[in-house]
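Structure first, commentary second.
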Amino acid sequence: MGTTVLAGALVLFALLVPNRLERLGPEAFFRLPAEGILLAGLLLAVPPRSRRLMSVAAGALLGLLTVLKFVDMGFYSVLARPFDLVLDWILLDDAAEFVRESFGRTGQVLAVVGVIVLIVAVLVLMTLATVRVTNLMVGHRAVATRTTLILGTAWITCMTLGIQIAGVPLATKGNADFVNNRIEQVQAGLKDGRVFEKQAAVDAFAKTPPDQLLTGLRGKDVLFTFIESYGRVAIDDPAMAPQIDSVLKEGTNSLKAAGFQSRSAWLKSPVTGAGSWLAHSTFLSGLWIKNQQRYRSLTTSDRATLGSYFMKTGAWRTVGIVPGVRRAWPEGKFFALDHIYDSEHLGYNGPYFSWTPVPDQFSLEAFQRLEHGKKNRDPIMAEIILASSHNPWSPIARMTDWDELGDGSVFNQIKKEGTDPKEVWKDPERVRTEYRHAIEYSLHSLTEWVERYGTDDTVLVFLGDHQPVPTVTAGSTSKDVPVTIVARDPKVLDKIADWNWTDGLKPAENAPTWGMDRFRDRFMTAYGPRGD
8 MGTTVLAGAL VLFALLVPNR LERLGPEAFF RLPAEGILLA GLLLAVPPRS RRLMSVAAGA
68 LLGLLTVLKF VDMGFYSVLA RPFDLVLDWI LLDDAAEFVR ESFGRTGQVL AVVGVIVLIV
128 AVLVLMTLAT VRVTNLMVGH RAVATRTTLI LGTAWITCMT LGIQIAGVPL ATKGNADFVN
188 NRIEQVQAGL KDGRVFEKQA AVDAFAKTPP DQLLTGLRGK DVLFTFIESY GRVAIDDPAM
248 APQIDSVLKE GTNSLKAAGF QSRSAWLKSP VTGAGSWLAH STFLSGLWIK NQQRYRSLTT
308 SDRATLGSYF MKTGAWRTVG IVPGVRRAWP EGKFFALDHI YDSEHLGYNG PYFSWTPVPD
368 QFSLEAFQRL EHGKKNRDPI MAEIILASSH NPWSPIARMT DWDELGDGSV FNQIKKEGTD
428 PKEVWKDPER VRTEYRHAIE YSLHSLTEWV ERYGTDDTVL VFLGDHQPVP TVTAGSTSKD
488 VPVTIVARDP KVLDKIADWN WTDGLKPAEN APTWGMDRFR DRFMTAYGPR GD
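Okay, so the sequence shown: first residue is 8 according to my numbering, each after it adds one.
In structure tokens form, the structure reads like this:
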């Protein structure tokens, strides 16, 4: 009897469990599932042999749906969206790599083994449970038939009258909607390649002669700098706004004292929570790179990026400072970088800070040492990716004297004094606090570098790549990130006066908001012949 009750509870759980953690409350399980009532009726109506096959198939299907809902919970928790059955499989490998880098090889192995065991257990147990419940219904056919009819009538009544409990409809067809949404998602994923191919074929600057490209920036060092997870929440959230506002005001004033002016606005990222490379490629290519399929299509195409156009002019040396790259990165060639400095080539001999291989301050100092500080050099176009504000934001590096950075060994003691991510992630408020600290560190690193090493020829464009995970955004669905342009030469900012961006490092709440894919062409136009 106990086993039968557990089997029934498991089947009911599979029918009613939502695919988002925030909906996983008691009210979710006090509902009438249309799919369960219909399945019970079919199992009672079909012949014995077909019934056995149907119960096994139904159990396996319920198991698969349950596994997919669990996966959705993880995706919503990190990316604020469901798992894409066509496009997201590669992200599972990235997730495993993230676990290894954050918690070590042992943590990765335990996590992968645990996931595999859980999937197999769900499939097997759900199938056995469905078969057992089916046998129970057949053994008590008359009672089961009456119960099914009563529940079916109750479902129709509740659906017609819109009866709810704690704001949740009592009658549900959630699994049918779930499957239908997945079918539409798969269809859209299969079509997306053709849609993207048409979009990628359009490039307003493809036929522009090299001597007419970016003429308004000739002789300048142009630095496109991404701050990991620097999203709108850092500026708008009441729990973070006062501290971040203070950092941005301080940065605005100190840069102004050094002769620099700045303008800021918002960009809408194609992703949230993770997927930085999709945001980077969207910003640089002028195409909406919202999934891995598009990223692969882009990086194997001849689409020109900002880097490509800078390189095409022959007036700039293009370099990449990418401390987050720790293995072969063939896509680097696509982004038209003459030289790439990954985590192994920045001269850093200090510790990792969880996922982050190199602290931001050291990455920027290495850029100065390796490229920017050289004498008699050509102007530089640099893509710089700052990684210290990458999840899990624990432990975090802190600012130290620039002259004492050395080979990075100074960070060994700083890491020892930092927080433990396993402890931090037990409390969402601590996570939010550490996220804020990480953003503060990244902003300090960047603004101090400009004060220290910036020149009349420095043009800095810095932005967030995406919003942080939902644990930090606390329910916000915004995908906005700040973007700022800093320059000492007033002519640089005069060329974007009609953009109506906010003065300073902090964008106003009502500052313009563009899709991140729109920046490339607007930038090229402002600093091309039509912007002269």
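The beta carbon of each residue, even a glycine, is placed where N, CA and C say it ideally should be. As the structure is a prediction and not an experimental result, all values here were calculated from the model.
Using the beta-carbon count (16 or more within 10 Å), is residue 34 buried or exposed? exposed
Measuring CB atoms only, is the stretch 66-73 touching the stretch 202-211, in the sense that at least three cross pairs come out at less than 8 angstroms? no
Along the beta strand (DSSP E) that carries residue 407, what are the first and last residues, could you check? Run containing residue 407: none; DSSP gives neither H nor E here.
As a quick exercise: from 17, 362, 187, pick the residue whose alpha carbon is nearest that of residue 137. 17
According to DSSP, simplified to helix, strand and coil, what is residue 538? Because the pLDDT of residue 538 is 47, which lies under 50, any placement of that residue in the model is unreliable, and the number read from its coordinates should be weighed accordingly. Of the three classes helix, strand and coil, the one that applies to residue 538 here is helix, per DSSP.
Residue 444 in three-state terms, based on DSSP: helix
The alpha helix (DSSP H) that contains residue 80, what's its start and end? 55-86
Evaluate the contact criterion for the stretch 466-476 versus the stretch 223-230: three or more CB pairs, one atom per stretch, below 8 angstroms. yes
Can you say whether residue 416 is buried or exposed, counting buried as having 16 or more other CB atoms within 10 angstroms of its CB? exposed
So, with DSSP's three-state summary, where would you put residue 482? coil
Within a Cβ cutoff of 8 angstroms, which residues of the same chain sit near residue 114, ignoring the five residues on either side of it in sequence? 106, 107
Just how far apart, CA to CA, sit residue 189 and residue 216? 46 angstroms
Contact the stretch 490-503 vs the stretch 291-305: 3+ CB pairs below 8 angstroms: no
What residue from 324, 39, 448 has the CA that sits closest to residue 226's CA? 324
Find out if the Cβ-Cβ distance for the pair residue 406, residue 448 is shorter than 8 angstroms. yes
Pick out the complete alpha helix (DSSP H) segments inside the stretch 125-212, 4 residues or longer, and give them in chain order. 148-168, 181-207
Rounded C-beta distance between residue 258 and residue 509? I'm assuming under 8 angstroms. Not a contact, Cβ separation roughly 14 angstroms.
Which same chain residues, not among the five before or five after residue 539, have their C-beta less than 7 angstroms away from its C-beta? Because residue 539 carries a pLDDT of 48, less than 50, the predicted location of this residue cannot be relied on, and the following value inherits that uncertainty. The residues are 222, 223.
Over what stretch of residues does the alpha helix (DSSP H) that includes residue 269 continue unbroken? No alpha helix (DSSP H) holds residue 269; the beta strand (DSSP E) holding it covers 268-275.
Compare the C-alpha of residue 436 against each of 145, 393, 242, 246 and name the closest. 246
Residue 494, enclosing beta strand (DSSP E) - first and last residue: 487-494
Whole angstroms is fine: what's the gap from residue 86's alpha carbon to residue 392's? 20 angstroms
Beta-carbon within less than 8 angstroms of residue 30's beta-carbon, same chain only, minus the 5 sequence neighbours each way: which residues are those? none
Please name the residue in 342, 11, 513 whose C-alpha comes closest to that of residue 241. 513
Quick test of your reading: residue 527 and residue 292, contact by CB under 8 angstroms. State the CB separation rounded to the nearest angstrom. 7 angstroms
Using only the alpha-carbon positions, how far apart do residue 353 and residue 23 sit? 52 angstroms
Extent of the continuous alpha helix (DSSP H) run through residue 388: Unbroken run through residue 388 is the beta strand (DSSP E), 387-393; no alpha helix (DSSP H).
Would residue 3 pass as a contact of residue 399 if the rule is Cβ separation under 8 angstroms? As displayed, the chain neither begins before 8 nor continues past 539, which places residue 3 out of reach and without an answer.
Using only the alpha-carbon positions, how far apart do residue 408 and residue 458 sit? 14 angstroms
DSSP on residue 454, reduced to helix/strand/coil? helix
Considering only the beta carbon of each residue, do residue 424 and residue 431 sit closer than 8 angstroms? no
Look at the alpha carbon of residue 132 and the alpha carbon of residue 9, and state the distance between them as a whole number of angstroms. 15 angstroms
If you measure from the CB of residue 285, is any heavy atom of the ligand PLP nearer than 7 angstroms? Ligands in the displayed structure: none, and consequently the ligand PLP is not present.
For the beta strand (DSSP E) holding residue 32, just list the boundary residues, first then last. Premise fails: residue 32 is in no beta strand (DSSP E) and is neither H nor E.
Does the beta-carbon of residue 42 have 16 or more other beta-carbons within 10 angstroms, so that it is buried, or is it exposed? buried
Out of curiosity, what's the CA-to-CA distance linking residue 150 and residue 183? 26 angstroms
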